[in-house]
Structures are given as structure tokens and as C-alpha cells.
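See below for the structure under consideration.
Protein chains: 2
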Amino acid sequence: MNFKIKSRVEVPELIERRRSQIIKAAIELFGKRGYHVTTIRDIAKRADVSIGLIYQYVSDKEDVLFLVLIEVLESYKRGIPAALKGIEEPLDRFCAAVRAYCTVNDEKVEATVLAYRETKSLRKERRNIIKQKEIETNRLIAACIQDCIRAGLFEKVDVELFTYQIVMFSHAWALKAWHFRGRMSLDQYVWRGLTLMLGPVLTARGARVFKALKS
Amino acid sequence: MNFKIKSRVEVPELIERRRSQIIKAAIELFGKRGYHVTTIRDIAKRADVSIGLIYQYVSDKEDVLFLVLIEVLESYKRGIPAALKGIEEPLDRFCAAVRAYCTVNDEKVEATVLAYRETKSLRKERRNIIKQKEIETNRLIAACIQDCIRAGLFEKVDVELFTYQIVMFSHAWALKAWHFRGRMSLDQYVWRGLTLMLGPVLTARGARVFKALKS
DNA sequence: TGCGAATGAATGATCGATCATTTTGGAATG
DNA sequence: CATTCCAAAATGATCGATCATTCATTCGCA
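Written out as C-alpha cells, the structure is:
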């Protein structure tokens with residue numbers, strides 16, 4: 002859970018600025034070409050810094066991948082609470098959470114695919130930190146589901162499995178973009194998916210609320 | 002759809018034997034360590050052949066990855082019809098197909114993860130062949146769903162989306178093995194998943210058939 | 001002037017691919 | 001049946017290229 006990446010430069014603002022410069026370039030390149038094929042030279046060029054500078058803020062290439070994956074997963078985790086702000090009604094919150102998660106996956110398809118591709122390229126200890134981050138995001142969705150159950154809008158479903166169903170549904174938009182893109186819009190995907198998945202989950206009352214929400 | 006990989010040796014039986022020897026070793030190594038980290042030397046050693054021999058049956062390392070992915074996807078495609086043999090009742094067939102797909106993913110978790118990780122490492126033309134293979138497998142599941150609809154066991158659902166839901170559900174067992182393994186058995190996973198996913202899909206009659214199936 | 005930050009040429013290790021050489025198996029010969 | 005011979009198959013040392021990482025040097029600011 003706790004991680005520090007060694008830096009030869011001490012000034013925190015500088016670390017912040019340089020690292021995000023490096024991460025930005027690396028996300029683009031890793032996303033397009035993959036981690037192993039991308040060279041430190043490529044990253045340096047795209048970030049408009051020297052090769053040596055990268056090694057002042059990071060101790061090896063794996064550090065860059067780790068920073069990249071942390072940033073990707075955290076940005077996903079940030080997206081959900083942001084979309085929930087101000088929404089009170091539980092079913093509404095649930096739908097907003099699903100839509101938000103699909104939306105972040107849509108905006109950064111390559112980053113999502115990258116997380117699937119390259120998490121295994123980290124050493125175990127770091128891989129676990131990444132998994133932990135994913136679990137934290139999943140908890141946000143699980144909480145929405147729990148709330149719907151408590152409010153009598155969902156039947157008492159298998160929360161764990163239903164959460165993963167939602168997560169996979171969202172990831173699928175990115176993982177199978179080659180299939181879905183062009184076939185339907187993200188909005189269509191979300192609504193058609195929700196309709197399909199909620200069918201057996203909604204209580205009678207939940208169904209009424211959902212119908213109202215659709216319009 | 003059509004692919005030939007150059008071989009310096011002409012004898013078909015020899016090509017068959019040597020290639021499957023190479024592929025077997027490569028699946029294990031790519032699965033455990035990843036494509037880029039595995040060297041041709043590693044593959045040669047594990048397959049118990051010389052480096053040079055590999056280049057007699059394949060023209061470069063990417064050929065090996067391609068052969069590996071083709072083999073993985075084909076083995077998955079073979080698994081479904083095999084499990085359906087002799088089963089007539091449509092809902093039974095559908096459940097058997099889901100279970101079969103989950104089972105192949107369970108037996109070769111690393112291969113499934115590998116397909117997600119490394120398909121992008123192929124050049125576009127070959128990547129498309131792999132996607133095509135996945136589509137062919139999906140069609141087998143879609144057909145089961147269609148049959149259930151025709152038989153009045155499923156409501157007229159969104160077949161495309163429902164198919165992908167099933168596919169992602171099966172892949173999730175492998176992709177999220179670190180979460181599910183130990184928490185439940187594959188059988189539990191399949192039944193809990195089917196119960197969750199079929200809820201809104203089954204017609205009244207379908208529900209009766211499903212209940213009977215469970216016992 | 002001094003010091004931390006930045007640079008990029010140089011280093012050394014690694015790896016894919018090649019190819020000169022050896023081994024193998026079986027056809028031809030006596 | 002033993003021997004010779006040869007083409008195909010197999011080998012692995014070697015080559016050339018690439019890449020992560022280092023470090024001697026320069027830069028820029030206080």
C-alpha cells in the first residue's frame with residue numbers, strides 16, 4: 002500500500018512536475034505501442050527531456066510503468082465520486098456510477114487496455130498494490146449496489162458477483178472497443194447494458210424508479 | 002483468415018510435430034513470463050531443441066507468438082461443441098456452453114491472460130485473424146442464446162450484448178483469478194453467475210426449466 | 001562562484017537471427 | 001548384408017543491433 006520511488010532530486014514541486022511530464026509521455030507511448038517496445042529514449046523525446054533526467058526522478062524503467070499504472074487506476078477511482086456528487090437517489094447513483102466508470106474507460110481506452118496488458122510486467126509486490134487500487138474502485142460500485150438493496154430497489158443479489166459483472170461490463174467497452182465502437186454509442190451501450198443486467202435485480206419498486214430514470 | 006507460416010522443412014508430419022513441440026514450450030513460457038521477456042533461447046531450451054531448429058520451422062519470434070495465440074483460441078473454440086454433444090434441450094445446451102467456456106478458461110488461466118496481454122504485440126493483419134477466431138467462438142454462444150429465444154425460454158433479449166456478457170463472465174474467471182480463486186469453486190461461480198444473469202432473461206417457462214436443471 | 005539540475009555520449013549486456021558445420025537416416029551400390 | 005554417400009535436418013557459436021543505465025560534463029540560477 003505504501004510506496005516511495007527514489008528520486009535524486011529532492012524538491013517536491015520539481016518531482017511532481019517532472020514526474021507527471023514523464024508519466025504523460027509514457028502513458029501515450031505504452032498505450033500505443035506497449036511497455037517493452039517503448040524505449041526510455043522514446044519517452045525522453047516525447048516528454049521533451051533528456052534521458053538522464055528521467056533517471057534523476059526514477060530509478061529504472063519499471064518505476065515508470067508503476068507510476069503510469071498507479072496514475073491510470075487513480076484517475077479511474079477519482080472519476081466515480083466526481084460523477085456521484087449531488088446525486089441522492091440510490092438507483093440514480095448506481096446508474097451514474099456505471100455510466101461514469103464506462104465513461105472513464107471510454108476516454109482512455111488505451112490506458113485501460115494497458116492496465117490489462119502490463120500489470121503482470123511489475124514485480125509481485127507492486128502488482129499487489131495495483132490490484133489493491135482496483136479493489137478500491139470496485140468498492141465504490143459495490144457500495145452503490147448495497148445502497149440500492151438497503152433502499153429496497155434491488156433484490157438481495159450476490160453483491161460481489163454483481164459488482165464484478167458491472168466492472169467487466171465497463172472494461173469490456175475498452176477491451177472490446179474494436180467490436181463495439183461504430184456499432185453503438187457509449188450512451189446506448191450503457192443503457193442497453195443496464196437494461197439487460199438490471200432486469201432480474203430490480204424489485205417491483207426499483208423497476209418503477211428505473212423506468213422513470215430512463216426518460 | 003488464411004495464414005501460412007514459412008518453414009524450411011517441407012515434410013508435413015515433421016512440421017506438425019516440431020511446431021507443436023515449440024508451441025507447447027512457448028505457451029508455458031509466454032504464459033508465465035510474457036512474450037517480450039521470453040527469449041528464443043528459453044523456448045529452445047524448454048522445447049529441448051536448438052535455437053537454429055526453431056528458425057527452420059518459423060521465420061521469426063512473432064511467428065511463434067502467432068502460432069501460440071492461434072492454438073489457444075482454437076482450443077477454446079473446440080471446447081464448446083465438445084461439451085454440447087448429446088445435449089438437446091436448448092437451456093441445457095446454453096448452460097453447458099457457459100460452463101464449458103468457463104472450464105477451458107479455468108484450465109488455462111495463463112493462456113487466457115496471455116491472449117489479453119499479447120494480441121496487441123502482433124501486426125495488425127494477424128491481430129485481425131485472432132479477433133476473427135474470438136468472434137467464431139462467440140458465435141457458438143450466440144447460437145445457444147438464439148435457440149433459447151426461439152424455444153420461448155428466453156425473453157427477446159439483446160443477443161449481442163448478452164453474448165458479450167457471457168464471454169466477459171467466462172474470461173473474468175481467468176482475468177480476475179486472483180480474486181475469485183479460493184473464494185469459490187468454478188462450479189459455484191458458474192451457478193451463481195448464471196442465476197444472476199438469467200434472472201431477467203428467462204421467460205416464465207424458462208424459469209421452470211432452469212429450476213429443474215439446477216437439481 | 002558554487003551547487004543542484006540537466007544533458008547525451010559512452011558503456012556493456014542482451015538477444016534475435018544467421019550460417020558454417022555436424023549429424024542423421026535411408027537410398028544406392030557392390 | 002555391409003558400406004558408401006548425400007540431402008535434409010539439426011546444431012550452437014557468432015554477429016550486429018538495440019537498449020537500459022551511467023557518468024563526465026555543462027548549464028543556469030542564487
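Same order as they appear, the protein sequences are chains A and B.
One rule links them: number in this note's numbering = place in the first sequence (from 1) + 1.
One rule links them: number in this note's numbering = place in the second sequence (from 1) + 1.
Note that CB positions come from ideal geometry on N, CA and C, so glycine has one too.
Asked: Where VAL158 of chain A meets chain B, residues with beta-carbon distance less than 8 Å; Found: LEU197
Asked: Residue-chain proximity (LEU162 of chain A, chain B), Cβ-Cβ < 8 Å; Found: yes
Asked: Alpha carbon of VAL160 of chain A to alpha carbon of ILE167 of chain A, nearest angstrom; Found: 10 Å
Asked: CB contact below 8 Å: PHE31 of chain B versus chain A; Found: no
Asked: Member of A:TRP192, A:CYS145 and A:CYS103 whose CA lies at the smallest distance from the CA of LEU176 of chain A; Found: A:CYS103
Asked: Boundaries (first-last residue) of the alpha helix (DSSP H) holding ARG193 of chain A; Found: 187-199
Asked: Proximal residues of chain A, C-beta to C-beta of ARG193 of chain B below 7 Å; Found: ASP159 and LEU162
Asked: Sequence-distant residues of its chain with Cβ nearer than 8 Å to PRO82 of chain B (five each side left out); Found: LEU141
Asked: Cβ-Cβ distance between GLU119 of chain A and PHE31 of chain A below 8 Å; Found: yes
Asked: Cut-off 7 Å between Cβ atoms - residues of its own chain near ALA152 of chain B, not counting five sequence neighbours on either side; Found: PRO91
Asked: ALA227 of chain B at chain A interface by Cβ criterion, 8 Å; Found: In the structure as shown, chain B begins at 2 and stops at 216. Residue 227 of chain B is therefore absent and cannot be evaluated.
Asked: Where ARG9 of chain A falls: helix, strand or coil (DSSP); Found: coil
Asked: Counterpart residues of ARG42 of chain B in DSSP-defined beta bridges; Found: Answer by DSSP bridge pairing: none, since ARG42 of chain B is not bridged.
Asked: Distance CB(VAL1 of chain B)-CB(SER171 of chain B) smaller than 8 Å; Found: As displayed, chain B neither begins before 2 nor continues past 216, which places residue 1 of chain B out of reach and without an answer.
Asked: Min CB distance LYS132 of chain A to chain B below 8 Å; Found: yes
Asked: Candidates A:GLU11, A:CYS96 and A:ILE44: closest to ALA84 of chain A by CA position; Found: A:CYS96
Asked: Cα-Cα separation between ILE88 of chain B and ARG94 of chain B, rounded to whole angstroms; Found: 6 Å
Asked: Contact list for GLY35 of chain B against chain A, beta-carbon separation under 7 Å; Found: LYS121 and SER122
Asked: CB contact flag (VAL73 of chain B, ALA27 of chain B, <8 Å); Found: no
Asked: Residue-chain proximity (PHE1 of chain B, chain A), Cβ-Cβ < 8 Å; Found: Since the displayed chain B opens at 2 and closes at 216, residue 1 of chain B lies outside it and no answer follows.
Asked: Short Cβ contact (8 Å threshold) for LYS7 of chain A with SER60 of chain A; Found: yes
Asked: GLN166 of chain B at chain A interface by Cβ criterion, 8 Å; Found: yes
Asked: Classification of THR39 of chain A by the beta-carbon crowding that lies within 10 angstroms, buried from 16 upward; Found: buried
Asked: Chain B contact for ARG206 of chain A (CB, 8 Å cutoff); Found: no
Asked: Short CB-CB distance (under 8 Å) between TYR117 of chain B and chain A; Found: yes
Asked: LEU187 of chain A beta carbon less than 8 Å from that of TRP179 of chain A; Found: no
Asked: Beta-carbon gap between LEU70 of chain B and ALA116 of chain B smaller than 8 Å; Found: yes
Asked: Three-way DSSP call (helix, strand, coil) for PHE4 of chain B in this model; Found: coil
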